[in-house]
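Number of protein chains: 2
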Amino acid sequence: MRVPEKILSVLRKERNFLIATHINPDGDAIGSSLALSIALESMGKKTYVYSRDTVPGFYKFLPGHNRFISNLKNALKTDPVLVLLDCNSPERAAIEHYVLRSTIVIDHHETEKDFGDVRWVDRNAAATGLMIFHLIKSLGIKISKDIATNLYTAISADTGTFRYSNTYPGVFRASAELIESGAEPDLIADYLYESWDRKRFDLLIIALNTLEIHNRIAIMYITRDMFRKTKTKPEDTENFSNFPRIIDSVRISAVFREIGKGVWKASLRSKGDVNVAKIAELYGGGGHKNAAGFKIQADLKSAKRSLLKAYKKLN
Amino acid sequence: MRVPEKILSVLRKERNFLIATHINPDGDAIGSSLALSIALESMGKKTYVYSRDTVPGFYKFLPGHNRFISNLKNALKTDPVLVLLDCNSPERAAIEHYVLRSTIVIDHHETEKDFGDVRWVDRNAAATGLMIFHLIKSLGIKISKDIATNLYTAISADTGTFRYSNTYPGVFRASAELIESGAEPDLIADYLYESWDRKRFDLLIIALNTLEIHNRIAIMYITRDMFRKTKTKPEDTENFSNFPRIIDSVRISAVFREIGKGVWKASLRSKGDVNVAKIAELYGGGGHKNAAGFKIQADLKSAKRSLLKAYKKLN
């Protein structure tokens with residue numbers, strides 16, 4: 052991977068940087084930002100790392116996670132160069148109301164906006180973390196254990212820990228070097244996938260006991276009573292819908308969660324080409340092709356039926 | 052990884068081989084055996100691939116999976132050299148009642164017996180598949196797509212698809228080469244993790260409902276009656292013990308499966324430094340640090356208590 056010389060020269064020349072990443076930051080956004088911050092500071096630079104939204108609890112193992120700020124006041128006083136990471140428009144980072152004198156964009160998402168003075172958008176890169184890995188090496192900075200842990204996590208998050216189709220040889224070769232620099236694959240996987248508390252797992256078992264499969268659609272539900280009994284919260288259900296995906300015949304996995312009396316929130320995950328955003332839109336919801344959601348006021352039976360009908364209609 | 056010259060010379064010199072692997076073969080056993088068979092046949096050798104137990108359904112995507120035989124009659128007529136893979140004693144492969152003129156042992160398990168004419172047991176190897184990868188390269192054989200798919204699957208299976216502590220740099224570098232030779236990480240992960248049939252998932256839910264956690268040890272059990280009711284087989288329980296590992300406090304996840312009246316097979320998975328091979332050895336079983344098993348004749352309650360006691364004793 053070739054790192055644009057222009058980016059290297061700006062990073063070498065300037066002193067102050069504001070690293071900003073997208074709203075609802077994921078592992079790639081967080082890990083890339085922290086790794087770049089640590090690397091630049093090791094060169095004697097001053098960096099601020101900005102995210103509008105707080106870092107999810109299970110990423111708090113990342114070295115430097117407390118560098119994140121959600122207020123730009125102090126950062127702006129230093130007249131920094133903006134480095135936009137894992138996104139390529141100021142709106143995605145919720146910084147569209149600020150004017151900065153110069154901007155570097157480093158991203159692997161499809162280009163939407165023509166923003167920034169120096170842009171490096173490589174849609175073939177598996178993760179922004181992989182681009183930052185090559186960038187840091189090109190700057191001649193030693194990859195410390197802290198940098199390696201952040202970059203390995205970034206790459207893990209965006210490749211489904213090496214299970215998605217973007218797991219190409221360069222991903223593995225970079226990851227091998229990151230282990231040599233101190234990243235610990237098992238510990239990182241533990242933090243990412245094996246850090247549930249007991250009551251969350253209990254709720255999962257209860258939800259799995261409600262599983263029905265109709266016409267390649269897996270449906271589970273969680274009532275307010277189940278939340279109460281297990282002392283869990285709605286955010287504890289994140290990823291629940293991934294479990295029934297294990298079944299080969301399942302194309303859509305849905306979780307209906309009771310959010311009020313007779314009101315349900317459906318969370319949908321699909322495999323391959325099945326577009327659940329289209330289903331969600333039929334009920335005023337939205338999302339992406341493989342992950343979407345909608346709200347519906349109905350009894351549980353009707354709510355489930357609506358989903359099955361929508362799938363039939365669209366297929 | 053250095054491949055013993057003695058093994059290479061026997062493989063080059065001899066014509067007929069019987070490749071045998073352990074009972075209840077897992078991904079590493081199956082993938083390694085098939086890869087070696089395909090490689091040797093490409094050199095003009097004749098091979099038989101033996102497993103006492105049938106290949107679990109979800110490994111049937113592996114190229115050459117129908118090479119497996121469970122009857123040795125024809126193989127023995129060729130007076131073959133035995134190649135024992137992913138185990139190191141004839142008992143583990145259920146071939147202790149046959150006498151072969153010469154034996155090569157290739158394995159990475161900790162529990163070692165003194166058997167075979169040429170032994171290559173490397174307990175630091177992440178997978179037997181990784182050893183076979185280097186062996187095939189040392190033989191000067193081109194790694195075909197079929198060989199690559201088998202070896203990538205073998206390595207995936209024994210490293211939890213790169214999530215266990217045996218995910219060291221050499222694992223990634225070999226895997227990168229295997230992708231270059233045609234292995235498809237996303238397809239293999241789909242086959243390994245998202246191709247369960249419905250009844251297997253039903254059995255998982257039933258098993259999860261038996262979950263108890265004592266002193267950081269998660270225990271589930273599956274009775275013969277549960278197998279009967281869900282029309283499932285013992286091999287359907289592969290990976291079940293990984294689910295309770297999701298809970299942060301769990302250090303060991305165990306599944307007790309009833310294999311006869313009052314006889315249980317315990318399958319253990321651990322996190323980090325907890326060595327379950329040591330626990331398994333206390334009861335005449337074996338395995339690796341993070342994945343091991345043993346058999347015990349006892350009622351369920353006593354069987355569970357034995358595990359808890361063994362853990363206490365060793366910690």
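Residue numbers (this note's numbering), protein chains in the order written: chain H, 52 to 366; chain S, 52 to 366.
C-beta atoms are modelled at their ideal positions from N, C-alpha and C, and glycine is treated no differently.
| Check | Outcome |
| --- | --- |
| Per the contact definition of three or more C-beta pairs closer than 8 Å, is the region 261-276 of chain H in contact with the region 221-238 of chain H? | no |
| Taking C-beta pairs closer than 7 Å, name the residues in chain H that Trp247 of chain S reaches, listed in chain order. | Ile297, Ile298, Asp299 |
| Considering just the uninterrupted stretch of the alpha helix (DSSP H) at Lys193 of chain H, what are its terminal residues? | First-last for Lys193 of chain H: undefined, no H or E at that position. |
| I'd like the ranges of any alpha helix (DSSP H) spanning at least 4 consecutive residues and lying wholly in the region 109-145 of chain S. | 124-128 |
| Going by the DSSP bridge assignment, what does Tyr101 of chain H pair with across the sheet? | H:Ala71, H:Ile120 |
| Tell me the start and end of each unbroken beta strand (DSSP E) in the region 331-365 of chain S that is at least 3 residues and wholly inside, in chain order. | 342-348 |
| May I have the straight-line CA-CA distance separating Lys49 of chain H from His185 of chain H, to the nearest angstrom? | As displayed, chain H neither begins before 52 nor continues past 366, which places residue 49 of chain H out of reach and without an answer. |
| I need the DSSP call for Thr154 of chain H, collapsed to helix, strand or coil. | strand |
| Measuring only between beta-carbons, confirm whether Tyr244 of chain S sits less than 8 Å from chain H. | yes |
| Start and end of the beta strand (DSSP E) containing Ser321 of chain H? | 314-321 |
| Quick check: is the beta carbon of Asp237 of chain S nearer than 8 Å to any beta carbon in chain H? | yes |
| Is the shortest distance between the beta-carbon of Pro220 of chain H and the beta-carbons of chain S less than 8 Å? | yes |
| Could you spell out where the alpha helix (DSSP H) holding Tyr244 of chain S opens and where it closes? | 236-244 |
| Sort out for me which residues DSSP pairs Glu263 of chain S with in a bridge. | S:Ile270 |
| Count the other CB atoms within 10 Å of the CB of Asn28 of chain H; is the residue buried (16 or more) or exposed (fewer)? | For residue 28 of chain H there is no data in the structure shown, the boundaries of chain H being 52 and 366. |
| Any C-beta of chain H sitting closer than 8 Å to the C-beta of Gly323 of chain S? | yes |
| For Val169 of chain S, is the classification buried or exposed, using 16 other Cβ atoms within 10 angstroms of its Cβ as the cut-off for buried? | buried |
| For Lys316 of chain S, count neighbouring Cβ atoms within 10 angstroms of its own Cβ and tell me buried if that reaches 16, exposed if not. | buried |
| How about Thr288 of chain H and Arg308 of chain H: do their beta carbons lie closer than 8 Å? | yes |
| In whole angstroms, what is the alpha-carbon distance linking Ser140 of chain S and Asn75 of chain S? | 15 Å |
| Report the neighbours of Ile230 of chain H on chain B: residues whose CB is nearer than 8 Å to its CB, in chain order. | Reference to chain B is not applicable here, since the protein chains of this structure are H and S. |
| What residues of chain H sit near Phe291 of chain S, judged by a beta carbon separation below 7 Å? | Those within 7 Å of Phe291 of chain S in chain H number zero; the least Cβ separation is about 11 Å. |
| Which one of S:Phe112, S:Ser353, S:Ser121, S:Ala349 has the shortest CA to CA distance from Asp241 of chain S? | S:Phe112 |
| Quick one, are the C-beta atoms of Phe297 of chain S and Glu245 of chain H less than 8 Å apart? | Looking at the sequence provided, one finds Ile at residue 297 of chain S rather than Phe. Cβ atoms of Ile297 of chain S and Glu245 of chain H: closer than 8 Å. |
| Who are the near neighbours of Val54 of chain S in its chain, counting only those whose CB is closer than 7 Å to its CB and skipping five residues on each side? | His185, Leu186, Ser189 |
| Using a Cβ cut-off of 7 Å, pull out every chain H residue sitting near Ala240 of chain S, in sequence order please. | Arg214 |
| Flag Ile264 of chain S as yes if its beta-carbon sits less than 8 Å from any beta-carbon of chain H, otherwise no. | yes |
| How is Val169 of chain S classed by DSSP in three states: helix, strand or coil? | strand |
| Mind checking which residues open and close the beta strand (DSSP E) that includes Glu92 of chain S? | Careful: Glu92 of chain S lies outside any beta strand (DSSP E), inside the alpha helix (DSSP H) at 78-93. |
| What does the alpha-carbon distance come out to for the pair Ile206 of chain H and Val327 of chain S? | 30 Å |
| For Tyr67 of chain H, which option in H:Asp130, H:Asp79, H:Ala80 has the closest C-alpha, if you only look at C-alpha atoms? | For the record, residue 67 of chain H in the displayed sequence is Asn; it is not Tyr. Among H:Asp130, H:Asp79, H:Ala80, the Cα nearest to that of Asn67 of chain H is on H:Asp130. |
| In chain S, which residues lie less than 9 Å from Ile268 of chain H when you measure between Cβ atoms? | Those do not exist, as Ile268 of chain H stays about 13 Å from chain S at its closest Cβ, beyond 9 Å. |
| Among S:Ser121, S:Val156, S:Lys128, S:Gly78, which has the Cα closest to the Cα of Leu59 of chain S? | S:Val156 |
| For Ala90 of chain S, tell me which candidate among S:Arg63, S:Arg214, S:Arg224, S:Leu133 has the shortest Cα-Cα distance. | S:Arg63 |
| Just verifying my parser: in three-state terms, what is the DSSP assignment at Ala305 of chain H? | strand |
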